[in-house]
């Protein structure tokens, strides 16, 4: 009996599925690899579109061709395929749905959930993938340039609040300005961060309420291109008017750590070492990382970066525990940050491509902090 | 030993998780219900934001409080919680990730994947949910009204192709016009359909290329509101200029079937019967459903409708196999369609709320077909 590879997922929800077939759907379908041959088993509703949009090496078959049932469940279809091709066990991704897995096991086939990456090769990008990721990044840059212009055109009230076209300017308005550029460019804005002041002290706070002069504004923009599913990722922190001295020093420390990390990256480099060097650099610049008595973290308490491709967060992870050396071909973010509840946060994020002898920066937009 | 409910998923990816906690994340976290008490176990990075954004009955705990490990896996944390609370088995959603399930089972706890809905109560909406769904629908209507205006302002070349502001008008441009309105309204445009002519003969074709006068243009618009995760769903089919006679008759047949279905719906009604009546109505109007020799379907070959809420497609399903009577409180689409490879497709979709004695239409936008 053979072992085959199996995914059951929607093309829009599973990066592995999109990678396997190129076919985008909101509903789940089946992908199989048997004896090196790739096929997708789809419903009548998706059959014609699947044949037009699939990667060309993937054969498209009807789910009803594998059972005599008119309305087969996924398990029925897969068990039919197992019997037809002589498959005794399936390797599946770790996020394979348990409900279907239990039915398949009850039907007599073995299932092994892959512990690590289902397609390890996703970590190393080819030229087409670099181009699609760079397109998404250029769109994020366009959105941030627009945001800079909007902030630049704001006035400041005598209470120190930004005002745009006669209205108090809020994080919600800033996010909408960014998201409009993303949508116009054919991307899906999902969780754009436009967080100012103490909101920015929490790295995942999306931001809300009025924006004040002098406080750091973190813009983390990560569009996913609708046509191909690839992501870009960009963070810039800006300030309208004059920042407090500690904020300016934190900004300088973050940029210094980022630029040193970008220089350090290349094939053979261990991600954990680069993360620790960035943390040490910021600590020696006066910005330590730690945990306060109430249990909250401060300083630099997220990973230095992550791979980007069909998932916004994918392998490799650049964090203190990363021990596997880079190989070349990875596309990763470099995004040190500093977060303190007293004044907010700073994060500066570039994307780099690991080349044969170093790292090429894909990000082109300015890092300028102060907007007059 | 107790049985508890367990979800491990990202708030943005799992409607069940969003329903349980109200907390939106791109990374997965843990939700538990033990002895009727709901809690979420999150990382340090999400702790503060979770406490601000969660549903108020859900307690927020740190994932590190359940094990002595510094970087616990999900399985470590859940096994720690099982030991602390005396839990011997967990009920989980059918899409629970197999990789974690196998580790938990190896750790000595039982897991039962729910066959049907994990939260059956999601099928019946409360007033807040109706409001959030209606808000999303109003945004979809605004986008389609804008699309109608754009199509109305197009000229037609002597070859019969639409032209907008001096450029050939394509499905891609129409989709962008729609998506811009959605993004400006705070929604995520995911797979907007703007398919014209023979592209529209395939219900899930998103559309591409120039749009011609006289051919039906299917616009299926389904925004998901970023702030709360609820969806709206709307389809309108329009034509610029004069349609062929068969296209006009198909449009009339679809609208007649839709309006009859809306009248028929109410508590106690069996969805399958309403679907079959819609199909029969269109057949008797001259538009039969069937399968051609090459295996392709034609006519009306998708479900009449589906529930909408935190998922775009959720229970109840209105299809020929739906035998469970409606109860009242459901929000569902009613969207008959006709698809023929010779000339394209027509689909008209409204949303209705099943009340105590019938169905209230939530959709307000015009059904007008011809745009001069």
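Protein chains in written order, with the working numbering: chain A, 40 to 411; chain B, 40 to 411. Glycine included, C-beta positions come from ideal geometry on N, C-alpha and C. Quick caveat: nothing in here was measured; it's all calculated off a predicted structure.
If you run the structure through DSSP and keep just helix, strand and coil, what is residue i?
i                     : result
residue 296 (chain A) : helix
residue 155 (chain B) : coil
residue 362 (chain B) : coil
residue 202 (chain A) : strand
residue 258 (chain B) : strand
residue 209 (chain A) : strand
residue 122 (chain B) : helix
residue 390 (chain B) : strand
residue 274 (chain B) : strand
residue 143 (chain A) : helix
residue 374 (chain B) : coil
residue 281 (chain A) : coil
residue 164 (chain A) : coil
residue 149 (chain A) : strand
residue 116 (chain B) : helix
residue 269 (chain A) : coil
residue 250 (chain A) : coil
residue 129 (chain A) : strand
residue 40 (chain A)  : coil
residue 187 (chain B) : helix
Which residue from the options puts its Cα closest to that of residue i?
i                     : options                       : result
residue 181 (chain A) : A:275, A:363 and A:107        : A:275
residue 342 (chain A) : B:57, B:83 and B:51           : B:83
residue 202 (chain A) : A:40, A:251 and A:333         : A:251
residue 295 (chain A) : A:116, A:266 and A:326        : A:326
residue 79 (chain B)  : B:73, B:261, B:100 and B:50   : B:100
residue 280 (chain A) : A:123, A:98 and A:195         : A:195
residue 284 (chain B) : B:297, B:265, B:254 and B:266 : B:254
residue 92 (chain B)  : A:54, A:236, A:245 and A:145  : A:245
residue 404 (chain A) : A:390, A:394, A:124 and A:411 : A:390
residue 154 (chain A) : A:207, A:74 and A:132         : A:132
residue 95 (chain B)  : B:173, B:123, B:59 and B:111  : B:59
residue 75 (chain B)  : B:179, B:45, B:320 and B:406  : B:45
residue 393 (chain A) : A:320, A:321, A:303 and A:411 : A:303
residue 337 (chain A) : A:345, A:318 and A:378        : A:378
For residue i versus residue j, is the C-beta spacing smaller than 8 Å?
i                     : j                     : result
residue 69 (chain A)  : residue 113 (chain A) : yes
residue 43 (chain B)  : residue 62 (chain B)  : no
residue 227 (chain A) : residue 228 (chain B) : yes
residue 305 (chain B) : residue 359 (chain B) : no
residue 376 (chain B) : residue 408 (chain B) : no
residue 161 (chain B) : residue 353 (chain B) : yes
residue 216 (chain B) : residue 189 (chain B) : yes
residue 209 (chain A) : residue 248 (chain A) : yes
residue 38 (chain B)  : residue 268 (chain B) : Because chain B is modelled from 40 through 411, residue 38 (chain B) falls outside the range shown and cannot be assessed.
residue 138 (chain A) : residue 52 (chain B)  : no
residue 397 (chain B) : residue 168 (chain B) : no
residue 357 (chain A) : residue 313 (chain A) : yes
residue 309 (chain B) : residue 382 (chain B) : no
residue 127 (chain A) : residue 106 (chain A) : no
residue 222 (chain B) : residue 219 (chain A) : yes
Would you call residue i buried or exposed, if buried means 16 or more other Cβ atoms sit within 10 Å of its Cβ?
i                     : result
residue 366 (chain B) : exposed
residue 400 (chain B) : exposed
residue 38 (chain B)  : Residue 38 (chain B) falls outside the range modelled here, since chain B spans only 40 to 411, and no answer is possible.
residue 307 (chain A) : exposed
residue 362 (chain B) : exposed
residue 108 (chain A) : exposed
residue 323 (chain B) : exposed
residue 159 (chain A) : exposed
residue 384 (chain A) : buried
residue 331 (chain A) : exposed
residue 21 (chain A)  : Given that chain A is displayed from residue 40 to residue 411, the structure contains no residue 21 (chain A) and the question cannot be resolved.
residue 225 (chain A) : buried
residue 98 (chain A)  : exposed
residue 413 (chain A) : Absent from the structure is residue 413 (chain A), since the part of chain A shown begins at 40 and ends at 411.
Taking 7 Å as the line, does the beta carbon of residue i fall inside it for any heavy atom of the ligand GTP?
i                     : result
residue 357 (chain A) : Of the ligands one can find in the structure shown there are none, so the ligand GTP has no counterpart to examine.
Just checking: is the beta-carbon of residue i within a distance shorter than 8 Å of some beta-carbon in chain D?
i                     : result
residue 193 (chain A) : Judged by its chain identifiers, the structure shown contains no chain D, and its protein chains are A and B.
Under 8 Å, CB to CB, which of the residues in the stretch 215-236 of chain B have a partner in chain A? 215, 218, 219, 221, 222, 223, 225, 227, 228, 229 and 230
Near-chain A residues of the stretch 337-353 of chain B (beta-carbon distance less than 8 Å), N- to C-terminal order: 340, 341, 351 and 352
Against chain B: residues of the stretch 112-146 of chain A by CB proximity under 7 Å: 131, 133, 134, 135, 136, 137, 138, 140 and 141
Report the residues of the stretch 82-93 of chain B with a CB closer than 7 Å to any CB of chain A, ordered along the chain. 83, 84, 85, 87 and 88
Residues in the stretch 147-163 of chain B with C-beta within 8 Å of chain A's C-beta atoms, listed in sequence order? 150, 152, 153 and 154
Quick one, which residues of the stretch 237-249 of chain A are near chain B if we go by CB-CB under 7 Å, in chain order? 241, 242, 243 and 244
Return the residues of the stretch 48-72 of chain B that lie within a Cβ-Cβ distance of less than 8 Å from chain A, sorted by chain order. 51, 52, 63, 64, 65 and 66
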